[in-house]
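Right, one structure below, let's go through it.
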Amino acid sequence: MPDAMEKALALLAAGKPVALPTETVYGLAADATSGEAVARIFEVKGRPRFNPLIAHVAGPEMAGEIARFDPLSQRLVDAFWPGPLTLVLPMREGARVHPLVTAGLETVALRMPREPACGIIARFGRPLAAPSANLSGRITPTDARAVAAELGERIGLVVDGGASPVGLESTIVKVADGRPILLRPGGLARSEIEAALGMPLTRPGDGGALLAPGMMVSHYAPDAPVRLDIARLRDGEALLAFGPRRVADADKAVATRNLSATGDLREAAANLFAFMRELDRSGAKAIAVEPIPDQGLGEAIRDRLARAAAPRPGNQA
Ligand code: TXA
Ligand code: MG
Numbered sequence: 020m021p022d023a024m025e026k027a028l029a030l031l032a033a034g035k036p037v038a039l040p041t042e043t044v045y046g047l048a049a050d051a052t053s054g055e056a057v058a059r060i061f062e063v064k065g066r067p068r069f070n071p072l073i074a075h076v077a078g079p080e081m082a083g084e085i086a087r088f089d090p091l092s093q094r095l096v097d098a099f100w101p102g103p104l105t106l107v108l109p110m111r112e113g114a115r116v117h118p119l120v121t122a123g124l125e126t127v128a129l130r131m132p133r134e135p136a137c138g139i140i141a142r143f144g145r146p147l148a149a150p151s152a153n154l155s156g157r158i159t160p161t162d163a164r165a166v167a168a169e170l171g172e173r174i175g176l177v178v179d180g181g182a183s184p185v186g187l188e189s190t191i192v193k194v195a196d197g198r199p200i201l202l203r204p205g206g207l208a209r210s211e212i213e214a215a216l217g218m219p220l221t222r223p224g225d226g227g228a229l230l231a232p233g234m235m236v237s238h239y240a241p242d243a244p245v246r247l248d249i250a251r252l253r254d255g256e257a258l259l260a261f262g263p264r265r266v267a268d269a270d271k272a273v274a275t276r277n278l279s280a281t282g283d284l285r286e287a288a289a290n291l292f293a294f295m296r297e298l299d300r301s302g303a304k305a306i307a308v309e310p311i312p313d314q315g316l317g318e319a320i321r322d323r324l325a326r327a328a329a330p331r332p333g334n335q336a
């Protein structure tokens, strides 16, 4: 990987997007201070420009130059950075993050990823804007091969860091008026955040669309339709199983993957996107998903599956 790192830094300095491994998922990274570089991310992904990006930082110091931290957000930084937690914060006047990154909002989403990504950012010396490295609306990549298959011809480099250990995008939290709001469930479980803060996270109610502009209902879409919380399998379906017990007629599945035979939600999170992609390739009429409990990382797994199963607009975002 050392050679790939040097090449990545050279491409980033030239304003070119590069696919990088992070502990959550693979990101399509570019210089967050350059409008041209960030515009290329939107082009490569076919992403709508009203959907802002996360600026990835090398540490709390770089973050402090970009945004103002309230005490609760600071506590979350101390507890969980580097890691799968993104904070939405008020941006500082004159911060060197290009407005394309924030889609013109006065807030900015910041995350410090673990190594090797945070070391690359430290060497680059500037924040990196990075959405997941997939075409907009499609399944998120958690290994280099999945990135190369979808974006390979459109980008100069995919740095291979193996399978992403967490497997789900970061959890996104915004503190508003001293209250923490869960904008997106993700790779850090709600219970861990609530324990660190000593208070519950709320979900955005009405007006939530404004708080989390990119939370498209249909997303993570495989080609095959997705059926959730199934009790029995239908003809021609592939089975995405969970835990030791099978649903009725499980043996007639066109293909089967078990997210975690022991019912471990961390293992299930790490397997989710790769298994959805594999079952999609099986030629099944639909992907049928066994019930996943709504605890720990199950909240984020269920969120992603619900978006994968949502009706798809003709004009996919
Ligand atoms: O784990 C992750 O978060 C990955 C890796 C690459 O770091 N990145 C990722 O980025 O998932 P993306 O672009 O797929 O999701 C970013 C989400 C979007 O839903 C976007 O709307 C939201 O963050 N977001 C960004 N800036 C925001 C802001 N200022 N206020 C509210 N939501 C924001
Ligand atoms: Mg994404």
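The number in this note's numbering is simply the position in the sequence shown, starting from 1, with 19 added. We put the beta carbon where it would ideally sit given N, CA and C, even for glycine. Just so we're clear, the structure is a prediction, and the values are computed from it rather than from any experiment.
Contact test: residue i Cβ vs the ligand ATP heavy atom, cutoff 8 angstroms
i     : result
His75 : Annotation note on the ligand ATP: not contained in the displayed structure, which lists the ligand TXA and the ligand MG as its ligands.
Sequence-distant residues of the same chain with beta carbon closer than 7 angstroms to residue i, five excluded per side
i      : result
Pro101 : Met131, Pro132, Arg133 and Cys137
Ala336 : Low local confidence applies: a pLDDT of 41 at Ala336 is under 50, so the model's placement there is unreliable, with the coordinate-based value given in what follows. Excluding sequence neighbours, Ala336 sits near Pro67, Ser155, Gly156 and Met235.
Ala272 : Leu252, Glu256, Ala257 and Leu258
Proximity below 9 angstroms, CB of residue i to CB of residue j
i      : j      : result
Leu31  : Ala48  : yes
Ala307 : Arg246 : yes
Ala149 : Leu39  : yes
Pro135 : Val44  : no
Pro310 : Asp248 : yes
Ala77  : Val96  : no
Leu129 : His75  : yes
Lys305 : Arg253 : As written in the sequence, residue 305 is Ala, which differs from the Lys given in the question. Contact flag set, yes.
Arg111 : Arg87  : yes
Pro146 : Thr52  : yes
Leu298 : Arg326 : no
Leu170 : Val63  : yes
Contacting residues, own chain, Cβ-Cβ under 6 angstroms from residue i (five flanking each side not counted)
i      : result
Ala289 : Gly186
Gly175 : Leu30 and Lys35
Met295 : Ile158 and Pro241
Asp89  : Val194
Leu284 : Gly315, Leu316 and Gly317
Ala319 : Leu187, Pro204 and Gly205
Proximal residues to residue i (C-beta, below 8 angstroms), its chain only, five neighbours per side dropped
i      : result
Thr281 : Gly262 and Pro263
Ile200 : Val192, Lys193, Val194, Leu220, Thr221, Arg222, Pro223 and Leu230
Selected residue, minimal CA-CA separation from residue i, among the options
i      : options                           : result
Ala243 : Thr43, Ile249 and Gly255          : Gly255
Asp50  : Arg164, Pro90 and Pro118          : Pro118
Ala152 : Ala163, Glu25, Ala208 and Ala260  : Ala163
Leu104 : Gly206, Asp283 and Ala272         : Gly206
Asp322 : Ala56, Gly123, Ile140 and Arg209  : Arg209
Thr126 : Asn70, Leu298, Arg276 and Glu286  : Asn70
Pro312 : Ala287, Arg300 and Ala303         : Ala287
Ala329 : Ser279, Glu172, Ser237 and Leu278 : Ser237
Ala141 : Glu172, Pro79 and Ala98           : Pro79
Ala214 : Phe99, Ile60, Lys26 and Phe61     : Phe99
Span of the alpha helix (DSSP H) around residue i
i      : result
Gly302 : Gly302 -> no alpha helix (DSSP H), and no H or E assigned at all.
Leu30  : Pro21 to Ala32
Start and end residues, beta strand (DSSP E) containing residue i
i      : result
Asp50  : Gly46 to Asp50
Arg276 : Thr275 to Asn277
Glu256 : Glu256 to Ala260
Leu106 : Leu104 to Pro109
Along the chain, which unbroken stretches of the beta strand (DSSP E) at least 3 residues long are found entirely within the stretch 181-241? 190-195 and 198-203
Threshold first: 4 residues or longer. Then list the alpha helix (DSSP H) segments lying entirely within the stretch 113-183, N to C. 118-121, 136-143 and 163-170
Ranges of the alpha helix (DSSP H) found wholly within the stretch 70-102, counting only runs of at least 4: Annotation: the stretch 70-102 contains the following complete segments of the alpha helix (DSSP H) (minimum length 4 residues), in chain order: 79-85 and 90-99.
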